[in-house]
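Chemist: Sharing a structure, written as structure tokens. Questions coming.
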Amino acid sequence: MTSADSRGGVRFAVAAAAVAALFQTLLLIWPASGAAPMGQAVLCAALGWAVVVYLRAARGRRHGRFWMWAIAAAGLVLWLASNVMMLAAEATGRHLVPHAVVALPTLVMFACAFTALLMLPTAPEGWAGKLRMTLDGVQISTALLMPGWILAVEPALHGDTFQWVSISYTIGSLAVLAVALLLLSGAQGQPALGMLSGAVSLAAIYNLIATYLTINTSLAPDRYLDGLMLLVILLVAGTPRMPLGTGTDTAWTPRPVVGGWLMPYLPAVGSLTIGLAHVLAARHFDLVVVGLAALMIVAILTRQGLSLWMTARLTAELTEQRQRLAHQAAHDPLTGLANRSVFAERLAAALAPGGDGVPALLMVDLDGFKAVNDTLGHGAGDTLLIEVSRRLAALTRGGDTVARLGGDEFAVLLADADADTAAGLAERLLAELTRPVRVDNGDASVGASIGITLSGTDYLDDPGRMLRDADLALYAAKADGKGRHRFADEALIAESLHRLELDGELRNALLRDELRIHYQPVVDLGTGRLTGAEALLRWQHPQRGLLPPAMFLPAAEANGLLPEIDRWVLHQAARQGREWQGDAGFSVSVNVTAGHVLSGRLVQDVREALHGSGLPAERLVLELTETSLLYDLAGAAVTLTELADMGVRVALDDFGTGYASLSYLQNLPIHAIKIDRSFVQRLGDDSTSSAVTQALVNLAETLGISQIAEGVETPDQLDRLRGLQCAFGQGFFFSNPLPPEELSKVLADERAAATPS
């Protein structure tokens, strides 16, 4: 219920009360002979309006309660019929219909009102709530029956021949009043329920007073009470326009205010007072009064006992809920380990001045967890995390803290440990976590990498720094090959922070034109002539100088910048190759990443680079590693075939170090192989390397594929490659990677030397 609804209900009730008061005033000042007919006429008109309102509510199924409105409308029709007969009697001065017949519709109306009211509330959930509502109903009913018996029923039993009508009026009124008071005690935030219950209460009070006046006095109740009856009708008619909840919204619940809790008890106090006064005044034992009083007291005592029990139960439930919420706030919901916030608190406490012992921190990150999630499903991943948590907890000591920080990242805080203790635990954890875990879809296996930080004076009261350094050690362990642990030392931290700074600066390197391309010449080993150059990326950092690709390409890949850098290198190399086109047969080689090959954009990017630069396609060589073909061999074959059709040549880089190289040469359009430097560097020292290199050269020669030896650094290596009849080579023996302007000068000098004087 909104505050606007509440204010609207109050305004309507005040307006109805004002109209009723004005009507009552007119009745009192109207001549006695005409007051009764006028009063009945007004009441009949008001009832007719109420009938129309309720029929419309029933037809429109207002609030989803068709039968409630329909039964209430039927009761109003019966009430109207009774009043019409009384109006006819008042207007003609003749009772055309016996009084019992006139009263019968009103009595049936009580039954309709009783039924409609009972359809309003929904019984509370649970046996305790239902019993509480029942006891409140017994209290209210007995509290009303006692004065009803004393004031109306008992006198009617000794009255005239119409006593059954008075008794029926009294019982019907009391029944409706009891339900109304019970609803009022449990109506929360429902203006319609409150207004209707209040109106029915006033109607019951009207009937009780009218019955008493009829039996015990000569006063005409209509003249003095019809204003009250008009107020009742107006309130009843206004009920369908007010908000009325449905389902659990209408569940009966004692209101958490003084009036709501006292509603069942206030009538009981008044009733017991009236009963006691009656017994004392009558000076005889009234069995009905005593029985009702006893039943009322039993209901009150039972209700109080039930309330105490429910309060105790609620207190226990709230305590349990607080404990549960406190546990949830401090623990990971999946694994039951401490969560990040609790771990941070304990780490801060351990590092605070005066803390017990020297804590050590282990950051544990699972290796291969994503593959388990992707292949076996998230359910298997959850099972794996739970088992990993159990193993971590089992290997730690009682005073240690194990926490899940999120995802597949865990942390272990050793309360007091030196380097040997931390390293020993890390080794045990690594061994334990490699054991397979049984999940629904089979066995799942993961590894782990661990970063370790030992507390010292640098970390006093600085848990954030200790966490950061453990993270840096963890990343270093992963970079070293995973499945191992690393301690955070000064050198590692400095290097890691250096890389992190570069990661942040790399995004602006392209915008600031800080990337450079150097070119390492490819030499014809037979003639010594330069036949091409490999484009090698560099970063001209404004503070750190010229950086090799190993310093920043991993960060570029992690940040999603590698495709953009790949395209930039391709376009720059193509434009530079166009400038060297005058040197016959001189080609430019560009390294292409696996992601670029699989992206589906490589062919289009190459076409745009060639078109934009004017470089002939046969002057461009794309270098791919064998591993870049492993992910999608069929897709790579389509891409390489399209490139070959354009005239672009493809070289297989680091040849001999991967897998299935021979199948690549057989099934893919490969134009050259680059013999890995590991074979070249061992020439002369390792007969196996010489034999493998000779076999690779012979294989390429047989297939009509060019051979380029990488990493030529000494004259002996050059001589041996010539002896093996390898066609081309590159390496520091010939030249370091050169800026384009320096390589242009080398090419110019070569041309000048070749020109006859």
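First residue of the sequence shown: 324, per my numbering; consecutive thereafter.
Using N, Cα and C, we set each Cβ at its ideal position, and we do this for glycine too.
Being a predicted model, the structure only gives us computed values, none of them experimental.
1) Count the other CB atoms within 10 Å of the CB of arginine 334; is the residue buried (16 or more) or exposed (fewer)?
2) Tell me, which residues are paired with histidine 654 by DSSP?
3) Would methionine 560 and tryptophan 372 qualify as a contact pair, given that the criterion is a beta-carbon distance under 8 Å?
4) Ends of the beta strand (DSSP E) at histidine 808?
5) Determine the extent of the alpha helix (DSSP H) in which glutamate 837 is found, giving its start and end residues.
6) Should the segment 807-818 be called in touch with the segment 838-850, which here means at least 3 C-beta pairs below 8 Å?
7) Which term fits tyrosine 954, buried or exposed, when burial requires 16 or more other beta carbons within 10 angstroms of its beta carbon?
8) In whole angstroms, what separates the C-alpha of arginine 751 from that of glycine 659?
9) With 16 other CB atoms within 10 Å as the buried threshold, where does proline 579 fall?
10) Quick check on DSSP: helix, strand or coil for leucine 988?
11) For tryptophan 632, count the other beta carbons within 10 Å of its own beta carbon; 16 or more makes it buried, fewer makes it exposed. Which is it?
12) Cα-Cα, which of Ala754, Ala1071, Val1020, Pro676 is closest to glycine 1046?
13) Runs of 3 residues minimum, wholly inside the segment 684-739: which ones carry the beta strand (DSSP E) assignment?
14) Which residue spans inside the segment 843-902 form an unbroken alpha helix (DSSP H) run of at least 4?
15) Leaving out five residues before and five after isoleucine 556 in sequence, what residues of the same chain have Cβ atoms less than 7 Å from its Cβ?
16) Taking the straight line between their C-alpha atoms, what separation do you get for isoleucine 1031 and alanine 771?
17) Provide the residue(s) that pair with phenylalanine 978 in DSSP beta bridges, ordered along the chain.
18) Classify threonine 465 as helix, strand or coil using the three-state DSSP reduction.
19) Taking the alpha-carbon positions, what's the asparagine 882 to serine 1010 distance?
20) Mind checking which residues open and close the beta strand (DSSP E) that includes valine 1035?
21) Any idea what DSSP makes of glutamate 949, helix, strand or coil?
22) Using only the alpha-carbon positions, how far apart do valine 502 and methionine 469 sit?
23) Using CA atoms only, rank isn't needed, just tell me which of Asn696, Arg714, Val407, Val611 is closest to valine 424.
24) Reducing DSSP to helix, strand and coil, say where aspartate 766 ends up.
25) Which stretch, first to last residue, makes up the beta strand (DSSP E) that contains asparagine 831?
26) Is it buried or exposed, arginine 626, if we count other Cβ atoms within 10 angstroms and call 16 or more buried?
27) By how many angstroms is the C-alpha of alanine 396 removed from the C-alpha of alanine 411?
28) Looking at the structure shown, is threonine 346 part of a helix, part of a strand, or coil, going by DSSP?
29) I need the DSSP call for asparagine 914, collapsed to helix, strand or coil.
30) Which residue comes first and which comes last in the alpha helix (DSSP H) that contains asparagine 1059?
31) Using the Cβ count rule (16 or more neighbours within 10 Å means buried), how would you classify asparagine 1059?
32) Should phenylalanine 1055 be labelled buried (16 or more other beta-carbon atoms within 10 Å of its own) or exposed?
33) Since glycine 935 is in the alpha helix (DSSP H), which residue starts that stretch and which ends it?
34) Taking the C-alpha atoms as reference points, what is the distance between valine 499 and serine 664?
35) Ends of the alpha helix (DSSP H) at threonine 744?
36) Please report the straight-line C-alpha distance between alanine 683 and glutamine 644, rounded to a whole angstrom.
Modeler: The relevant details are as follows:
1) exposed
2) Ala661
3) Here residue 560 turns out to be alanine, not methionine, going by the sequence shown. It is a contact, given that the beta carbons lie within the stated cut-off.
4) 808-810
5) Careful: glutamate 837 lies outside any alpha helix (DSSP H) and carries neither H nor E.
6) no
7) exposed
8) 22 Å
9) In this prediction, proline 579 scores a pLDDT of 48, lower than 50, which makes its location untrustworthy; no coordinate-derived value is stated.
10) helix
11) exposed
12) Val1020
13) 724-729, 732-737
14) 876-881, 885-902
15) Leu366, Ala369, Leu370, Ala373
16) 40 Å
17) Ile998
18) helix
19) 44 Å
20) Taken as a continuous stretch (DSSP letters only), valine 1035 belongs to no beta strand (DSSP E), as it is neither H nor E.
21) coil
22) 16 Å
23) Val407
24) strand
25) From DSSP, asparagine 831 is part of no beta strand (DSSP E) but of the alpha helix (DSSP H) over 813-832.
26) buried
27) 22 Å
28) Note that residue 346 corresponds to phenylalanine in the displayed sequence, not to threonine. In the structure shown, phenylalanine 346 sits in a helix (DSSP, three-state: H, G or I).
29) strand
30) Per DSSP, asparagine 1059 belongs to no alpha helix (DSSP H) and is neither H nor E.
31) exposed
32) exposed
33) 925-936
34) 58 Å
35) 742-756
36) 35 Å
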